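>
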Amino acid sequence: MKNKPIIIINGEPNSIFVEIFFKALNAKKYKSPIILISSIELIKFFIKKFKFKKKIKLIKENNILESNLDNNSINLININFKFDKKFEKISKKSNIFIEESFNTGLTILKKGLSNKLINGPISKKTFLKKNYPGITEYIAKNTRTKKFAMLIYNRELSVCPLTTHVPIKKISKLITRNNIYEKIKLIHNFYVKYRKIKPKIGILGLNPHCESTDRFNEDEKIIKPTVKNLKKRGYKVSGPFSADTIFIKKNRIKFDVIVGMYHDQVLTPMKTLFEYD
576 MKNKPIIIIN
586 GEPNSIFVEI
596 FFKALNAKKY
606 KSPIILISSI
616 ELIKFFIKKF
626 KFKKKIKLIK
636 ENNILESNLD
646 NNSINLININ
656 FKFDKKFEKI
666 SKKSNIFIEE
676 SFNTGLTILK
686 KGLSNKLING
696 PISKKTFLKK
706 NYPGITEYIA
716 KNTRTKKFAM
726 LIYNRELSVC
736 PLTTHVPIKK
746 ISKLITRNNI
756 YEKIKLIHNF
766 YVKYRKIKPK
776 IGILGLNPHC
786 ESTDRFNEDE
796 KIIKPTVKNL
806 KKRGYKVSGP
816 FSADTIFIKK
826 NRIKFDVIVG
836 MYHDQVLTPM
846 KTLFEYD
């Protein structure tokens with residue numbers, strides 16, 4: 576298969592995912608075929624509800640390469656799930672369905688049948704509980720990936736939060752020299768491999784204006800020395816920068832990637848600037 580398929584996991588059945596999926600399937604011509612992992616009962620219900628015109632083509636996990644895939648139909652790997660047509664609140668009832676969906680999707684990736692995975696909405700409270708901060712860590716654990724980074728990619732500018740879906744009160748404890756170094760190394764290697772460039776990376780401070788009235792200032796004691804060390808190792812890094820001005824145009828154009836200390840510090844401006852691009 577020239578273009579390996581995009582594997583999409585439905586996620587929480589009591590969400591807006593299926594409506595978004597239908598709209599996305601109609602909106603663009605994709606270079607790769609799409610395979611949805613979901614419940615055939617769920618999809619049939621929404622096809623009728625939204626008067627969606629595409630037909631369902633059932634696909635077997637082990638026969639992806641032999642299947643005649645295109646996006647004229649919904650290529651579906653069925654996960655058995657007793658779907659209640661009366662929408663319920665998000666609960667633990669969906670957990671087995673979600674877990675089986677992920678197991679199927681990750682197995683397809685492990686076999687090399689695809690290299691692209693998208694997941695629909697997941698409830699961290701009911702599915703991940705306290706076991707994982709977010710789906711990033713869940714996928715890392717289930718693919719035995721020890722070193723990973725959450726890179727929100729755009730060719731013009733990408734961002735990476737050093738910490739992912741972590742409560743604000745816990746973030747400062749996770750900011751370490753080793754954590755920063757590992758993320759920068761991963762991002763650098765990604766750009767070298769896929770973009771054939773050494774990326775220019777800006778690193779943000781934790782505190783407003785990189786200042787703190789506390790005795791221990793993370794920006795001075797941890798981030799600044801780490802940036803200095805990374806420069807000596809040949810990485811194109813600079814910082815720490817104040818988060819409230821780095822995304823001004825004349826500042827952001829200097830970088831390929833901006834690394835923040837926490838999720839909303841970089842994802843909020845990123846989504847504001849580029850929306851869904």
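Following my numbering, the numbering of the sequence shown begins with 576 at its first residue and continues without gaps.
The C-beta atom is built at its ideal place from N, Cα and C for all residues, glycine as well.
None of the values given here were measured: they were computed from a predicted structure.
Taking DSSP as the reference, what is the three-state secondary structure of residue 627?
Here residue 627 sits in coil by DSSP.
> For residue 666, I'd like the list of residues in its chain whose CB is within less than 7 Å of its CB, leaving aside the five on either flank, ordered along the chain.
So the qualifying residues of the chain are 701.
> Cutting at 8 Å between CB atoms, please list the residues of its own chain near residue 829, excluding the five before and the five after it.
775 and 777.
> Could you give the residue range of the alpha helix (DSSP H) that holds residue 704?
Note, residue 704: premise wrong, no alpha helix (DSSP H); not H, not E.
> What do you get for residue 838, buried or exposed, if any count of 16 or more other CB atoms within 10 angstroms of its CB means buried?
Flag for residue 838 reads buried.
> Mind checking which residues open and close the beta strand (DSSP E) that includes residue 778?
Run containing residue 778: 776–779, per the beta strand (DSSP E) assignment.
> Alpha carbons only, please: which of 647, 691 and 636 is nearest the one belonging to residue 909?
Lying outside 576 to 852, the shown extent of the chain, residue 909 is not represented and no answer is given.
> Taking all protein chains shown into account, do 16 or more other C-beta atoms lie within 10 angstroms of the C-beta of residue 762, making it buried, or fewer, making it exposed?
Its Cβ being crowded by 16 or more others within 10 Å, residue 762 is buried.
> Could you name the residues that DSSP lists as bridge partners for residue 734?
Paired residue(s): 727 and 833.
> Return helix, strand or coil for residue 593, following the three-state DSSP convention.
Three-state result, residue 593: helix.
> Residue 684 to residue 631, Cα distance in whole Å?
Taking the straight line joining both Cα atoms gives about 22 Å.
> Comparing C-alpha positions only, which one of 709, 844 and 592 sits nearest to residue 622?
Ranking the options by Cα distance to residue 622, first place goes to 592.
> Going residue by residue through the region 795–827, where are the continuous beta strand (DSSP E) segments of at least 3 residues, counting only ones entirely within it?
Runs found: 812–816.
> Use the C-beta contact count for residue 831: other C-beta atoms within 10 angstroms, 16 or more gives buried, fewer gives exposed.
With 16 or more other Cβ atoms within 10 Å, it is buried.
> How many Å lie between residue 714 and residue 789 at the Cα?
Cα-Cα distance, rounded: 37 Å.
> Rounding to the nearest angstrom, what Cα-Cα distance links residue 644 and residue 616 in this structure?
Their backbone Cα atoms lie some 21 Å apart in a straight line.
> When you compare the CB positions of residue 618 and residue 646, do they come within less than 8 Å of one another, or not?
No, these two residues do not count as a Cβ contact at 8 Å.
> If you draw a straight line from the C-alpha of residue 798 to the C-alpha of residue 782, how long is it?
C-alpha separation (whole angstroms): 11 Å.
> Residues in the same chain with beta-carbon distance under 8 Å from residue 670, minus the five sequence neighbours each way, listed in chain order, please.
Correct list, in chain order: 701 and 702.
> I think residue 590 touches residue 651, with their Cβ atoms under 8 Å apart; what is that distance to the nearest whole Å?
Their Cβ separation, rounded to whole angstroms, is 18 Å, which puts residue 590 and residue 651 out of contact at 8 Å.
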